Structures are given as structure tokens and as C-alpha cells.
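Below is one structure, written out as C-alpha cells; the observations come after it.
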Amino acid sequence: MNEKKLPKRWSAKRKQEVVLRLLKGESLDALSRETGQPASVLSAWREDFLAGGIAALKQRTEDPKVAALERELKRAKRLVGDLMMDKELLEMRIARFEGEHPFPKRRSNP
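According to the working numbering, the sequence shown holds residues -2 to 107 in order.
The following block contains the structure:
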């Protein structure tokens, strides 16, 4: 038997080649027979490929200055959050100590 061995695991590159052939108009059924993959799998690969392309097109190229400012803003927000927590803890401690006498009362020796 001189049958072509089909790969058990498909690399992203191999899947891309099949999807591009589908997008160029080759028959889904013919490619399914040739690759040994069910038509539903090939259709899913095509949908994933197109969804990834759409996601890539939605990304905007980021200006390095904007990226640096966004990182700095994130760091500043984190610092403000930490300081707010510290402030609240100090206020709770102050409230707790205000109810007590700051210094213990001493007894005088007779």
C-alpha cells in the first residue's frame, strides 16, 4: 500500500495552508478528503483564522510615548491605592487609641 501518511498533529503553518486554499475557493469536501480532516474541523480552522485576522486588524499601533504614559498612570494608580489603604489603617488605629488613655495613670506613693 502506497498510501500517503497524514500527520496526526497539525502545525499552525499546515492549518494555515489548508485555510488559505479554502479561502481561494477550493472545495471544502475535496480538501476534507485530501487532508483526512472532517469538513467541520476545516470550517472551524477557517473561522478561527478569520477571527484572528479581525482581531489583528482591530489592534492599533501603539505610540511608545503613549505606552510609557499608560504604564506610568497604572503605577501611579497602584501607589494611590496603597496610600489610601495606609491612610485608612492609620485612621482606624487613631480611633482605637483615642478611646484609651495615651499614658497609663500612675498611682502616687503615700
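Each residue gets a CB set at the ideal place from its N, CA and C atoms; glycine is no exception.
Given the structure is predicted, the values throughout are model-derived calculations rather than measurements.
Taking GLY33 as reference, the option from LYS74, TRP7, LEU54, ASP83 with the minimal CA-CA separation is TRP7. Pairwise C-beta distances place the region 16 to 32 in contact with the region 42 to 55, as three or more of them are shorter than 8 Å.
Between LEU28 and VAL15 the beta-carbon gap is near 6 Å, inside 8 Å, which marks them as a contact.
Here the C-alpha atom of ALA53 lies approximately 38 Å from the C-alpha atom of LEU80. It is roughly 27 Å from the alpha-carbon of ARG104 to the alpha-carbon of ARG90.
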